[in-house]
Amino acid sequence: MVGRAGAGALATVPNVSILQLNNVSLLVAGLSTGLVTVLCTSYASMLVYAVVYGLSVGMSSHWFV
Numbered sequence: 035m036v037g038r039a040g041a042g043a044l045a046t047v048p049n050v051s052i053l054q055l056n057n058v059s060l061l062v063a064g065l066s067t068g069l070v071t072v073l074c075t076s077y078a079s080m081l082v083y084a085v086v087y088g089l090s091v092g093m094s095s096h097w098f099v
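When we follow our numbering, the leftmost residue of the sequence shown carries the number 35, and every step to the right adds one.
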C-alpha cells in the first residue's frame with residue numbers, strides 16, 4: 035500500500051516519467067534481490083531488504099492491477 039501510494043504521488047510530479055518510475059523500481063527490486071546473499075548477514079539487514087524489496091515491487095505492481 036505504501037509503495038503504490040508513493041508511486042502515485044511521484045507520478046503526479048510534472049517532470050517524472052511513469053515508465054522510468056516503473057523501470058527504476060524494478061531495477062531496485064532486482065539489485066536488492068541479487069545482493070541479498072552478499073549483504074544480508076543479520077536479521078536487521080534482512081528486514082531492510084524486505085522493506086526495500088516490498089516498496090519497490092509495490093511501486094511497480096500498480097501497472098498490473
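For each residue, glycine too, the CB sits at the ideal point set by N, CA and C. Computed from a predicted model, the values in this text were never measured in an experiment.
Query	Result
Spatially closest choice to residue 89 from 72, 75, 60, by CA coordinates	60
Counted within 10 angstroms of its Cβ, other Cβ atoms place residue 69 as buried (16 or more) or exposed	exposed
Distance between residue 73 and residue 82 (C-alpha atoms, nearest Å)	11 Å
Cα-Cα separation, residue 45 to residue 57	13 Å
Sequence-distant residues of the same chain with beta carbon closer than 7 Å to residue 67, five excluded per side	87
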